[in-house]
Amino acid sequence: RKEVEQDPGPFNVPEGATVAFNCTYSNSASQSFFWYRQDCRKEPKLLMSVYSSGNEDGRFTAQLNRASQYISLLIRDSKLSDSATYLCVVSPRKLIFGAGTRLAVHP
Amino acid sequence: NAGVTQTPKFQVLKTGQSMTLQCAQDMNHNSMYWYRQDPGMGLRLIYYSASEGTTDKGEVPNGYNVSRLNKREFSLRLESAAPSQTSVYFCASSEAVRSGNTIYFGEGSWLTVV
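Chains as they are written, first to last, in the numbering used here: chain C, 1 to 107; chain U, 1001 to 1114.
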């Protein structure tokens, strides 16, 4: 079993849609959690950290469920510019990356 | 505002050839990393350097060597390239190898071994 698992997608959604990505992790000792965004043929960049109480950054909301070892990312009012691959990242110490979920937002 | 810089961006090698990927960061970070990214596999850690003078194996170190030349620079060497090493390589850095530290990536090096 992979340490971090994500649905690879692609998720094809129209502009304005709400889309949710899920991620599960296997190491219960994990302490830090992140979502990174990676555009096609570019490097990954930090989108947001994920806090135990859940957190929001504009149209993006991240949730953590430690009991179920589950992380989610919700994107509201999708924009064309949100098209990218979203990487779930878990850190018991060093960062462990999921394979990513691809999002394609169309007009 | 360079951040993490890696070279070359693209390289084609013949099986058995050697090459070194160079990486430098200007953020005064202590820790540096080399990852490879393959379709469907996510980013996998090859080697990392927690601080100047130390290096440690990651998840997939076989076929690679590294050198932490100084605090700024961390190179990755393929001594005898194999087709299985065709991949995108990312260098990265962070303040420390510690849960919660943000990691910053270079733009990637596309390597093809034929």
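Idealized CB from N, CA, C, for every residue including glycine.
- V4/C sits close to I96/C, with the two beta carbons spaced by under 8 Å.
- The stretch 30-49 of chain C makes contact with the stretch 83-96 of chain C; the number of CB pairs closer than 8 Å reaches 3 or more.
- Interface with chain U (8 Å Cβ-Cβ cutoff): P8/C is included.
- If you compare the alpha carbons of E56/C, P107/C, N55/C, R66/C with that of C23/C, the shortest gap goes to R66/C.
- For K79/C, no CB of chain U lies under 8 Å from its own CB, so it is not counted at the interface with that chain.
- Per the coordinates, the alpha-carbon of L1043/U lies some 30 Å from the alpha-carbon of G16/C.
- In this structure, DSSP gives D82/C a helical state, which the three-state scheme calls helix.
- Of all alpha-carbon atoms in D77/C, Q31/C, K94/C, G100/C, the one lying nearest the alpha-carbon of V19/C is that of D77/C.
- For L74/C, DSSP records a beta bridge to A20/C, T61/C.
- Exclusion of the five residues before and after M1032/U leaves S1049, F1074, S1093 as the residues of its chain whose Cβ lies within less than 6 Å of its Cβ.
- Annotation for M1027/U: no beta strand (DSSP E) segment contains it, and DSSP assigns it neither H nor E.
- Pairing I75/C with R1072/U, the inter-Cα distance amounts to about 37 Å.
- Residues of the stretch 80-101 of chain C with a C-beta less than 8 Å from any C-beta of chain U: L87, S91, P92, R93, K94, L95, F97, G98, A99, G100, listed in chain order.
- The count of Cβ pairs closer than 8 Å, one atom from the stretch 1096-1114 of chain U and one from the stretch 1002-1016 of chain U, reaches three, so the stretches are in contact.
- Residue pairing for N1065/U: DSSP places it in a beta bridge opposite R1077/U.
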